[in-house]
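Those letters in the sequence shown? Residues 839 to 1155, per my numbering, in order.
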Amino acid sequence: MSTEPTNVVLRLDGIEQAARDTKIFRFTAANGAILPPASPGAHIDLDIAPGLTRQYSLVELDPTGRSYSIAVQCLPDGRGGSRTLHAQAAIGAEYSARATRNTFPVSTTKAESVLFAGGIGVTPLLTHYHALRARAEPVRLVYWARTSDAFLYTDTLAADPNVTLYATGEKAAPRLEDLLPGIAPTTELYCCGPLRMLEAFDLATADRPAERLHTEYFEAPATPAGTPSAPFSVTLARQNRTLEIGATETILDACLAAGIDVPYSCEEGVCGACQVRVLAGRVDHRDTVWPAATHEREGTMIICCSRAADDSLVLDI
């Protein structure tokens, strides 16, 4: 189970136009200290403005530990975080952040790996790719973007024989599911990209060993119509309190309404900020942070979306 991230104040030290609509923002600690360590696949929770916190994967890992770098694609129809950063971020500005959390780590299994990246979903996979290369393990990166000027690190990646770039708006390109039949079932597969790509990956890999599949969602899939949500009760062990959770209410909602301070961020079951330990009861896992089997093994749940499978839970809150 991941530990609660450390609060840090970051200073924006660099901005680079990295692709057509993507900039890389580089931060250092405002007090000049070494930053909390980051591992491949990690992300930070960045407070862009009051009430505007967003999660960004680290696109590079600084071996000196003095900087965090994120790649942010400007999304005109997004929720405002990327537009604010692109339009208002200035060198020297300071930002509060939680650093770092990793819900998408590199497997410790020594095996061939294939990384599937779509658009800005390449950001955590780049740190995976470099980590696996450093471990001298066979790894391939397949990276789709709409146009050739939308790729990050184009010159470096285009020259790498282990990387394949597909600009889908410029020429015909294979789909992810077209490539899977030629990949051995023992291969570690990673995928991050648009929701439709992740859904296609999940469907196409349904018959593969679950422990070989690794995904990270940047947005939450829709809850299937008709999914039942019955009321239940939650006992908060450290608070010595029991809350009643309504059919349209989440555990997070109930905690905040009761004045109980719990960490949270995305409220969509994507970032993992509100993960807690389950002490008793069965959980209906509805997040995309970890597969249900991983939560069961670790004894955890995400309280912004997951619910009790029966009529009660006991949580370490």
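The beta-carbon is built from N, C-alpha and C at its ideal position, and this holds for glycine as well.
Under the rule that 16 or more other beta-carbon atoms within 10 Å means buried, what is residue i, buried or exposed?
| i | result |
| --- | --- |
| R1135 | exposed |
| A1075 | exposed |
| A1131 | exposed |
| L923 | buried |
| E1054 | buried |
| T1043 | buried |
| E1015 | exposed |
| I929 | exposed |
| D1125 | buried |
| K1163 | The structure shown has nothing for residue 1163, since the chain only spans 839 to 1155. |
| T1138 | buried |
| P878 | buried |
| A955 | buried |
| G919 | buried |
| A887 | exposed |
| A871 | exposed |
| Q926 | exposed |
| G1020 | exposed |
| T1088 | buried |
| G889 | exposed |
Contact defined as beta carbons within less than 8 Å: I believe residue i pairs with residue j. What is the distance between those atoms, to the nearest angstrom?
| i | j | result |
| --- | --- | --- |
| H966 | Y1028 | 6 Å |
| V980 | T1006 | Contact doesn't hold; Cβ gap of about 12 Å is too wide. |
| V1121 | A1146 | 7 Å |
| P962 | S895 | 4 Å |
| V1152 | T1073 | 5 Å |
| A867 | L848 | 7 Å |
| V1116 | E1057 | Actually they are not in contact, since the Cβ atoms of V1116 and E1057 sit about 25 Å apart, beyond 8 Å. |
Below 6 Å CB to CB, which residues in the same chain sit around residue i once its five sequence neighbours on both sides are set aside?
| i | result |
| --- | --- |
| R1127 | For the record, residue 1127 in the displayed sequence is Val; it is not Arg. Same-chain partners within the cutoff: T941, G1110 and I1140. |
| A1011 | Y1004 |
| G852 | R864 |
| I958 | Q911 |
| D998 | none |
| C1143 | G1107, R1124 and D1125 |
Quick one: what's got a C-beta closer than 7 Å to residue i's C-beta in the same chain, skipping five residues either side?
| i | result |
| --- | --- |
| A937 | P843, T844, V846, L873, P874, I882 and Y906 |
| V960 | Y981 and L990 |
| E854 | K861 and I862 |
If I follow the unbroken beta strand (DSSP E) through residue i, where does it start and stop?
| i | result |
| --- | --- |
| Q1113 | Q1113 to A1118 |
| G852 | T844 to A857 |
| E932 | E932 to R939 |
| K861 | T860 to A867 |
| G956 | S951 to G956 |
| V977 | V977 to A983 |
| L1153 | S1150 to L1153 |
| L1003 | V1001 to A1005 |
Following the continuous alpha helix (DSSP H) through residue i, name the residue where it begins and the one where it ends.
| i | result |
| --- | --- |
| A996 | T992 to A996 |
| D1099 | Per DSSP, D1099 belongs to no alpha helix (DSSP H) and is neither H nor E. |
| V960 | V960 to A972 |
| T922 | G919 to Q926 |
| L1017 | L1014 to L1017 |
| R1135 | A1130 to E1136 |
Which same chain residues, not among the five before or five after residue i, have their C-beta less than 8 Å away from its C-beta?
| i | result |
| --- | --- |
| Q1077 | I1098 and I1155 |
| V1100 | L1090, C1093, L1094, C1112, V1114, I1141 and I1155 |
| D885 | T891, Y933, S934 and A935 |
| V1046 | Position check: residue 1046 holds Arg in this sequence, whereas Val was assumed. So the list reads P1023 and L1027, once near-sequence residues are dropped. |
| S840 | Below a pLDDT of 50, predicted positions are generally treated as unreliable, and S840, at 42, falls in that range; the measurement from the model is reported next regardless. So the list reads R939, N940, T941, G1110 and Q1113, once near-sequence residues are dropped. |
| S1067 | A1085, T1086 and R1145 |
| T985 | R858, A1005, G1007 and E1008 |
| A1156 | A query on residue 1156 cannot be resolved here, the shown segment of the chain reaching from 839 to 1155 and no further. |
| A1048 | P1129 and A1131 |
Could you check whether the Cβ of residue i sits closer than 7 Å to any heavy atom belonging to the ligand FAD?
| i | result |
| --- | --- |
| F865 | The ligand content of the structure shown is nil, which means the ligand FAD is not present either. |
Which ranges would you report for the beta strand (DSSP E) in the stretch 883-911 if only whole runs of at least 3 residues count? Within the stretch 883-911, the complete beta strand (DSSP E) runs of at least 3 residues fall at 890-899 and 905-911.
Threshold first: 4 residues or longer. Then list the alpha helix (DSSP H) segments lying entirely within the stretch 1031-1087, N to C. Annotation note: the stretch 1031-1087 contains the following uninterrupted alpha helix (DSSP H) runs of length 4 or greater, listed N- to C-terminal: 1033-1042.
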